[in-house]
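Single-structure report; data block below.
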Amino acid sequence: MDIDQTKIPQATAKRLPLYYRFLEGLQASGKHRVSSSELSEAVKVDSATIRRDFSYFGALGKKGYGYNVNYLLSFFRKTLDQDELTKVTLVGVGNLGTAFLNYNFSKSNNTRIEMAFDVDDSKVGKEIGDVPIYHLNDFKEMITESNVEVVILTVPSHVAQSIADDLVEAGIKGILNFTPARLSVPDDVRVHHIDLSVELQSLIYFLKHYPL
1 MDIDQTKIPQ ATAKRLPLYY RFLEGLQASG KHRVSSSELS EAVKVDSATI
51 RRDFSYFGAL GKKGYGYNVN YLLSFFRKTL DQDELTKVTL VGVGNLGTAF
101 LNYNFSKSNN TRIEMAFDVD DSKVGKEIGD VPIYHLNDFK EMITESNVEV
151 VILTVPSHVA QSIADDLVEA GIKGILNFTP ARLSVPDDVR VHHIDLSVEL
201 QSLIYFLKHY PL
């Protein structure tokens, strides 16, 4: 079945990797069938939302039967392009960047940091987690050769925008921004902002004012 991915709500699209990860665990444990209520309990998304999410992709399950784990996993693997390796580049080998390089999506079969860039000469030429580190001055040339389109940005916030400008000029189409800076990029470039301090402050606020 051909699906127009542009018609899938962004909120639904963001939940698909969560469903996929849980289904992988079910398959590994030998479970062949799962209900929307079981999925709901595991991923902390209400059953109605799960059924609505799945409905965008057609008849994925049967009422009273639930969902076939192997079929769902196969379907979402194709939908999420899990069979294709996505090469990612990291810019900024500080403490957070180093942690990413050591982790390097070890539990993922389709995402890998291929190279990293920094301006610190003491880091350039070395490897962290088997990932080579190059000087940021060489970024444009190396990115062009490697066809990488996604960057994890872990640099000081005061240089984030200027570096983002260089990334866009080099052809980068996706930036996972871990700096507090709100980046300005062209409409054809997607940025996902992950500000850890904001998320922590939000969590503390909800704990104080919306007790469970």
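Counting from 1, one number per residue, gives the positions in the sequence shown under the UniProt record's numbering.
Ideal Cβ positions, reconstructed from N, Cα and C, are used throughout, including at glycine.
This one's a predicted model, so the numbers in the text were calculated from it and none came from an experiment.
Start and end residues, beta strand (DSSP E) containing residue i
| i | result |
| --- | --- |
| R190 | 190-193 |
| L26 | First-last for L26: 10-28, but that is the alpha helix (DSSP H), not the beta strand (DSSP E). |
| Y134 | 131-135 |
| A170 | Where A170 is concerned, there is no enclosing beta strand (DSSP E), given that its DSSP letter is neither H nor E. |
Continuous alpha helix (DSSP H) stretch holding residue i: start and end
| i | result |
| --- | --- |
| N95 | 95-103 |
| D53 | 47-55 |
| Y205 | 196-209 |
| N68 | Premise fails: N68 lies in the beta strand (DSSP E), 66-68, not in any alpha helix (DSSP H). |
| K140 | 139-146 |
Integer-rounded CB distance, given that residue j should sit under 8 Å from residue i
| i | j | result |
| --- | --- | --- |
| residue 264 | T79 | As displayed, the chain neither begins before 1 nor continues past 212, which places residue 264 out of reach and without an answer. |
| Y19 | V43 | 7 Å |
| A170 | I194 | With a Cβ gap of about 22 Å, A170 and I194 do not count as contacting. |
| D165 | F139 | That belief does not hold up - the Cβ atoms of D165 and F139 are roughly 12 Å apart, past 8 Å. |
| V131 | L101 | 5 Å |
| V150 | V88 | 5 Å |
| E56 | T12 | The displayed chain sequence assigns Tyr, not Glu, to residue 56. Going by Cβ atoms, the distance from Y56 to T12 rounds to 6 Å, so yes, they are a contact pair. |
| H135 | V124 | 5 Å |
DSSP bridge partner residues for residue i (one or two, in chain order)
| i | result |
| --- | --- |
| E127 | P132 |
| A116 | L90, I133 |
| I152 | L90, L176 |
| N110 | Bridge partners of N110: none, in fact. |
| V34 | Y67 |
Chain B within 8 Å of residue i, Cβ atoms only
| i | result |
| --- | --- |
| L196 | No chain B appears in this structure, which consists of one protein chain only. |
Original post:
Are three or more beta carbon pairs between the stretch 111-130 and the stretch 88-95 nearer than 8 Å?
Top reply: Segment contact: the stretch 111-130 against the stretch 88-95, three or more CB-CB distances shorter than 8 Å; contact assigned.
**OP:** Check whether the stretch 177-193 touches the stretch 151-161, taking contact to mean three or more Cβ pairs, one atom from each stretch, closer than 8 Å.
**Re:** With the cut-off at 8 Å, the stretch 177-193 and the stretch 151-161 touch.
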